[in-house]
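Chemist: Have a look at this one.
Number of protein chains: 2
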Amino acid sequence: MEDGTAERVRPRDRILETARDMFHKHGIKGVGVDAITEAAGTNKMTLYRHFESKDDLVIECLRATACSANAMWQKFEAEHPGDKLAQLHAWVRMAADCLLMDGRGCDMANAAIELSETDHPARRVIKELKQAQRDRLVGLCRDAGIGQAELLADTLSLLLEGARVSLQSVGAEGPSAQFVRMAEGLITSFRAR
Amino acid sequence: MEDGTAERVRPRDRILETARDMFHKHGIKGVGVDAITEAAGTNKMTLYRHFESKDDLVIECLRATACSANAMWQKFEAEHPGDKLAQLHAWVRMAADCLLMDGRGCDMANAAIELSETDHPARRVIKELKQAQRDRLVGLCRDAGIGQAELLADTLSLLLEGARVSLQSVGAEGPSAQFVRMAEGLITSFRAR
DNA sequence: TCTAGAAGTTACAGACCGGTAACACCCTAG
DNA sequence: CTAGGGTGTTACCGGTCTGTAACTTCTAGA
Numbered sequence: 120m121e122d123g124t125a126e127r128v129r130p131r132d133r134i135l136e137t138a139r140d141m142f143h144k145h146g147i148k149g150v151g152v153d154a155i156t157e158a159a160g161t162n163k164m165t166l167y168r169h170f171e172s173k174d175d176l177v178i179e180c181l182r183a184t185a186c187s188a189n190a191m192w193q194k195f196e197a198e199h200p201g202d203k204l205a206q207l208h209a210w211v212r213m214a215a216d217c218l219l220m221d222g223r224g225c226d227m228a229n230a231a232i233e234l235s236e237t238d239h240p241a242r243r244v245i246k247e248l249k250q251a252q253r254d255r256l257v258g259l260c261r262d263a264g265i266g267q268a269e270l271l272a273d274t275l276s277l278l279l280e281g282a283r284v285s286l287q288s289v290g291a292e293g294p295s296a297q298f299v300r301m302a303e304g305l306i307t308s309f310r311a312r
Numbered sequence: 120m121e122d123g124t125a126e127r128v129r130p131r132d133r134i135l136e137t138a139r140d141m142f143h144k145h146g147i148k149g150v151g152v153d154a155i156t157e158a159a160g161t162n163k164m165t166l167y168r169h170f171e172s173k174d175d176l177v178i179e180c181l182r183a184t185a186c187s188a189n190a191m192w193q194k195f196e197a198e199h200p201g202d203k204l205a206q207l208h209a210w211v212r213m214a215a216d217c218l219l220m221d222g223r224g225c226d227m228a229n230a231a232i233e234l235s236e237t238d239h240p241a242r243r244v245i246k247e248l249k250q251a252q253r254d255r256l257v258g259l260c261r262d263a264g265i266g267q268a269e270l271l272a273d274t275l276s277l278l279l280e281g282a283r284v285s286l287q288s289v290g291a292e293g294p295s296a297q298f299v300r301m302a303e304g305l306i307t308s309f310r311a312r
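Protein chains in written order, with this note's numbering: chain A, 120 to 312; chain B, 120 to 312.
See below:
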């Protein structure tokens with residue numbers, strides 16, 4: 120029986136999803152493997168049968184996050200096929216929504232801050248995934264016909280990254296409240312050049 | 120003997136300075152009080168005679184950081200007395216220098232990310248100190264004769280915050296490398312309005 | 001020199017952490 | 001029905017963490 124309802128989720132996936140959520144909310148060093156497995160309705164042994172170590176689990180969580188981000192990008196393309204400028208505005212809207220909904224920032228950035236050891240295995244992954252996201256945004260800006268595509272993409276990246284961390288330190292009434300206005304203003308300004 | 124050489128530093132100050140440095144480099148949850156006291160050439164009992172708890176020490180460290188930031192602002196005023204626009208450019212230069220020199224981001228922001236518990240005592244302090252810095256930058260922009268002073272100040276804030284975290288996730292070759300160009304461009308653009 | 005308070009030392013409590021071993025269980029494919 | 005792999009359970013290891021107690025040593029000031 121292949122279980123058409125698909126109700127039964129594999130322990131590995133449950134652990135991964137639960138860990139993602141808990142790492143996101145409480146930070147990596149803020150949750151232990153015991154808490155994760157308990158919340159996932161399983162146990163520590165099962166976790167260590169599927170993941171080599173906590174660090175390994177962290178890395179898999181980051182990859183899963185990157186995968187979700189990919190889905191976002193595909194949604195942009197699906198909703199505005201071929202219209203790169205509309206996709207760029209959709210990116211801004213999505214970013215703003217994340218700011219409003221979420222409260223906690225980017226998992227990769229948070230992990231990078233928390234895992235300060237320069238040789239931590241997750242650092243490689245974070246760097247490469249962040250780099251991929253950057254390239255994607257640069258590509259989008261370029262395809263949208265913006266001259267200084269790299270500069271706009273990098274500026275938007277920094278603005279979003281800054282907004283996410285500002286949200287956590289100053290709060291929602293802080294500078295991050297103006298994110299959309301800043302981003303849209305920048306796009307207009309770069310398009311006029 | 121009042122010790123004119125002032126070589127002898129009080130244990131409390133040694134602990135505070137050492138803790139600041141270590142928290143900055145390795146994060147709050149990344150260093151224990153034992154490591155701090157050992158590096159400060161003292162012991163745990165002395166730490167707990169001067170600070171109620173580790174959280175209390177963290178808060179004092181953040182206040183000390185804010186105090187250092189104040190000194191920066193006074194330096195701007197001293198170097199460019201009355202010339203607010205020059206002080207704004209000095210702020211950009213200082214921010215860029217910090218990015219190049221440091222590698223690790225803003226202590227307050229890092230702490231906010233690490234201490235995810237919403238009721239953590241340090242959160243109040245972080246918020247109020249960050250708010251003060253923001254107000255200061257807004258005031259500088261306004262006094263420099265910029266129309267939309269709040270918007271420029273907030274944009275610069277987010278850019279710097281973003282650059283600091285981007286530095287830790289993507290690295291020095293990432294978007295943060297363009298910080299000065301972005302900031303100067305923004306100032307020019309806002310002045311033209 | 002005497003004294004009081006600050007600082008150092010050692011040991012410990014109690015909790016949590018990541019990770020492993022041994023064993024019992026269940027469920028599904030053959 | 002049966003075999004075997006995935007899973008659950010319990011107990012444990014060694015280490016680290018914050019925080020405290022009791023005691024000794026140092027040092028500055030009268």
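Built from N, CA and C at the ideal position, the CB exists for glycine as well. All figures in this text were calculated on a predicted structure; none of them were measured in a lab.
Which value, in whole angstroms, describes the spacing of the CA atoms of residue 185 of chain A and residue 253 of chain A?
Modeler: Straight-line Cα distance between these residues: approximately 12 angstroms.
Chemist: Restricting to Cα atoms, I'd like to know which of A/232, A/226 and A/250 is closest to residue 144 of chain A.
Modeler: Closest option to residue 144 of chain A, Cα to Cα, is A/226.
Chemist: In three-state terms, what does DSSP make of residue 240 of chain A?
Modeler: Three-state DSSP puts residue 240 of chain A in a helix.
Chemist: Can you check whether the C-beta of residue 306 of chain B is within less than 8 angstroms of a C-beta belonging to chain A?
Modeler: Judged by the 8 angstroms Cβ criterion, residue 306 of chain B is not in contact with chain A.
Chemist: In its own chain, which residues sit with a C-beta less than 7 angstroms from the C-beta of residue 221 of chain A, not counting the 5 before and 5 after it?
Modeler: Result list for residue 221 of chain A: empty, nothing under 7 angstroms.
Chemist: Indicate whether at least one CB of chain A lies closer than 8 angstroms to the CB of residue 157 of chain B.
Modeler: For residue 157 of chain B, the answer is no, since every Cβ of chain A falls outside 8 angstroms of its Cβ.
Chemist: Residue 294 of chain A versus chain B: which residues are under 7 angstroms apart at the beta carbon?
Modeler: Per Cβ cutoff of 7 angstroms: 253, 273, 276 and 277.
Chemist: Taking all protein chains shown into account, decide if residue 276 of chain A is buried (16 or more other Cβ within 10 angstroms of its Cβ) or exposed.
Modeler: So residue 276 of chain A ends up on the buried side.
Chemist: Just the chain B side, please: which residues come within less than 7 angstroms of residue 289 of chain A by C-beta, in chain order?
Modeler: Neighbours of residue 289 of chain A on chain B, chain order: 246, 249, 250 and 253.
Chemist: Helix, strand or coil, according to DSSP, for residue 252 of chain A in the structure here?
Modeler: In this structure, residue 252 of chain A counts as helix in the three-state DSSP scheme.
Chemist: What is the DSSP secondary structure of residue 229 of chain B, reduced to helix, strand or coil?
Modeler: Helix.
Chemist: In terms of residue numbering, what span does the alpha helix (DSSP H) encompassing residue 145 of chain B cover?
Modeler: Looking at the DSSP string, the run of the alpha helix (DSSP H) that includes residue 145 of chain B is 130-145.
Chemist: Given a cut-off of 8 angstroms, decide if residue 299 of chain A and residue 209 of chain A are closer than it, judged by their beta-carbon atoms.
Modeler: Contact: no.
Chemist: Just to confirm, are residue 263 of chain B and residue 218 of chain B a CB contact at a threshold of 8 angstroms?
Modeler: No; because the gap between Cβ atoms is not below 8 angstroms, this pair is not in contact.
Chemist: What residues in the segment 226-237 of chain B bring their beta carbon closer than 7 angstroms to a beta carbon of chain A?
Modeler: The segment 226-237 of chain B vs chain A, Cβ under 7 angstroms: 227, 228, 229, 231, 232, 233 and 235.
Chemist: Residues of chain B with CB under 7 angstroms from residue 152 of chain A, in chain order?
Modeler: Those do not exist, as residue 152 of chain A stays about 16 angstroms from chain B at its closest Cβ, beyond 7 angstroms.
Chemist: Please determine, among A/268, A/223, A/245 and A/258, the residue with the shortest C-alpha to C-alpha distance to residue 290 of chain A.
Modeler: Of the candidates A/268, A/223, A/245 and A/258, the one whose C-alpha sits nearest the C-alpha of residue 290 of chain A is A/223.
Chemist: So, is the C-beta of residue 284 of chain A closer than 8 angstroms to a C-beta in chain B?
Modeler: Judged by the 8 angstroms Cβ criterion, residue 284 of chain A is in contact with chain B.
Chemist: Quick one: is residue 258 of chain B near chain A, going by C-beta distance under 8 angstroms?
Modeler: It does not: the Cβ of residue 258 of chain B has no partner Cβ on chain A nearer than 8 angstroms.
Chemist: Between which two residues does the alpha helix (DSSP H) harbouring residue 155 of chain A extend?
Modeler: Looking at the DSSP string, the run of the alpha helix (DSSP H) that includes residue 155 of chain A is 152-158.
Chemist: For the alpha helix (DSSP H) that residue 297 of chain A lies in, which residues bound it at each end?
Modeler: Element bounds for residue 297 of chain A: n/a, residue is neither H nor E.
Chemist: By Cβ distance, which residues of its chain are closer than 7 angstroms to residue 257 of chain B, with the 5 residues on each side in sequence left out?
Modeler: Closer than 7 angstroms at Cβ, skipping near neighbours: 268, 269 and 272.
Chemist: Roughly how many angstroms separate the alpha carbons of residue 240 of chain A and residue 311 of chain A, rounded to a whole number?
Modeler: Looking at the two C-alpha atoms, the distance is approximately 43 angstroms.
Chemist: Quick test of your reading: residue 247 of chain B and residue 148 of chain B, contact by CB under 8 angstroms. State the CB separation rounded to the nearest angstrom.
Modeler: About 22 angstroms separates the two Cβ atoms, so there is no contact after all.
Chemist: Note down, in chain order, each residue of its chain lying with its Cβ closer than 6 angstroms to the Cβ of residue 279 of chain B, except the 5 sequence neighbours on either side.
Modeler: Same-chain partners within the cutoff: 214.
Chemist: Kindly indicate which residue of A/242, A/177, A/181 and A/261 has the alpha-carbon position closest to the one of residue 288 of chain B.
Modeler: Residue A/242 is the option with its Cα nearest to residue 288 of chain B.
Chemist: Could you check the C-alpha separation between residue 255 of chain A and residue 261 of chain A for me, to the nearest Å?
Modeler: Roughly 10 angstroms separates the two Cα atoms.
Chemist: What's the gap between the Cα of residue 235 of chain A and the Cα of residue 146 of chain B?
Modeler: About 7 angstroms.
Chemist: Closest to residue 249 of chain A by C-alpha separation, out of B/309, B/265 and B/295, would be which residue?
Modeler: With distances taken between Cα atoms, residue 249 of chain A lies closest to B/295.
Chemist: Is there a C-beta anywhere in chain B that falls below 8 angstroms from the one on residue 145 of chain A?
Modeler: Chain B contact via Cβ: present.
Chemist: Taking the straight line between their C-alpha atoms, what separation do you get for residue 292 of chain A and residue 285 of chain A?
Modeler: Spanning the two alpha carbons is a distance of roughly 10 angstroms.
Chemist: Counting only Cβ pairs nearer than 7 angstroms, list the residues of chain B close to residue 212 of chain A.
Modeler: None at all; the shortest Cβ gap to chain B is about 17 angstroms.
Chemist: Counting only beta-carbon atoms, is residue 281 of chain B nearer than 8 angstroms to chain A?
Modeler: Chain A, which has a Cβ nearer than 8 angstroms to the Cβ of residue 281 of chain B, makes this yes.
Chemist: Have a look at residue 187 of chain A and residue 282 of chain B and give me their C-alpha separation to the nearest angstrom.
Modeler: If you take the alpha carbons of residue 187 of chain A and residue 282 of chain B, they lie about 24 angstroms apart.
Chemist: For residue 156 of chain B, which of B/174, B/131, B/179 and B/180 has the nearest alpha-carbon?
Modeler: Ranking B/174, B/131, B/179 and B/180 by Cα distance to residue 156 of chain B puts B/131 first.
Chemist: Round the Cβ separation of residue 138 of chain B and residue 176 of chain B to the nearest angstrom and send it over; I've been treating them as touching at under 8 angstroms.
Modeler: Residue 138 of chain B to residue 176 of chain B, Cβ: 6 angstroms. Contact.
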